[in-house]
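Reviewing the structure listed below.
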Amino acid sequence: MTARNFGSTLTEPGFSPRFTRRGSMLSWPSGLRRNSGSVPRRLRRQRRRRPEKMMVDLLEHAAFAVFALLAIGGALGTIYCKRIAHSMFSLIICFLAIAGVFLLAGAELLAAIQILVYLGSVMLVYAFGVMLARRQIQESDA
168 MTARNFGSTL TEPGFSPRFT RRGSMLSWPS GLRRNSGSVP RRLRRQRRRR
218 PEKMMVDLLE HAAFAVFALL AIGGALGTIY CKRIAHSMFS LIICFLAIAG
268 VFLLAGAELL AAIQILVYLG SVMLVYAFGV MLARRQIQES DA
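Just so we're aligned, residue 168 is where the sequence shown starts under the numbering used here, counting upward by one.
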């Protein structure tokens with residue numbers, strides 16, 4: 168016993184893939200017919216937002232602004248500080264602010280990696296570079 172597909176094979180006479188049984192065209196989006204019942208009610212009228220939700224959004228935006236300003240300030244401090252130790256502390260602030268932005272975005276793993284890799288490893292190498300550079304500067308002054 169074989170199953171027959173009515174109206175769905177390409178070999179059937181009169182088949183046109185551009186039209187459905189109702190006669191509407193399948194070209195998106197103008198070909199789709201929509202009646203008022205197909206549009207969800209939530210799209211027809213806007214809901215009022217709850218004050219708690221608005222407060223949470225405001226606090227998230229404020230926290231993001233603080234972290235972004237700290238990151239930019241730390242990066243500029245890294246570039247423009249005269250002393251190497253102050254530059255290193257500015258870079259630490261920048262890395263912590265970037266980890267805070269990752270936390271706000273919901274990427275806790277990236278924030279942990281940011282802290283472990285950059286603050287742990289890169290800053291250790293940076294500190295060794297500072298210590299070795301100080302010796303060479305002091306020896307050349309004497």
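No residue lacks a Cβ here, since even glycine has one placed at the ideal position from N, Cα and C.
Proximity of residue i and residue j at Cβ, strictly below 8 Å
i	j	result
Ala264	Ile282	no
Sequence-distant residues of its chain with Cβ nearer than 6 Å to residue i (five each side left out)
i	result
Ala242	Cys261
Val297	Ile251
Gly244	Ser257
Phe231	Leu271
Leu286	Phe262
Glu219	none
Phe234	Ala264, Gly267, Val268
Backbone secondary structure at residue i - three-state DSSP
i	result
Ala272	coil
Cys261	helix
Ser194	Confidence in Ser194 is poor, its pLDDT being 49 and thus under 50, which makes the residue's placement unreliable; the coordinate value appears in the next sentence. The answer is coil: DSSP assigns Ser194 none of H, G, I, E or B.
Lys220	helix
Cut-off 8 Å between Cβ atoms - residues of its own chain near residue i, not counting five sequence neighbours on either side
i	result
Leu237	Ile260, Cys261, Leu263, Ala264, Gly267
Cys248	Ser254, Ser257
Proximal residues to residue i (C-beta, below 7 Å), its chain only, five neighbours per side dropped
i	result
Leu270	Ala278
Status (buried if at least 16 other CB within 10 Å, exposed otherwise) for residue i
i	result
Leu291	exposed
Ser288	exposed
Phe295	exposed
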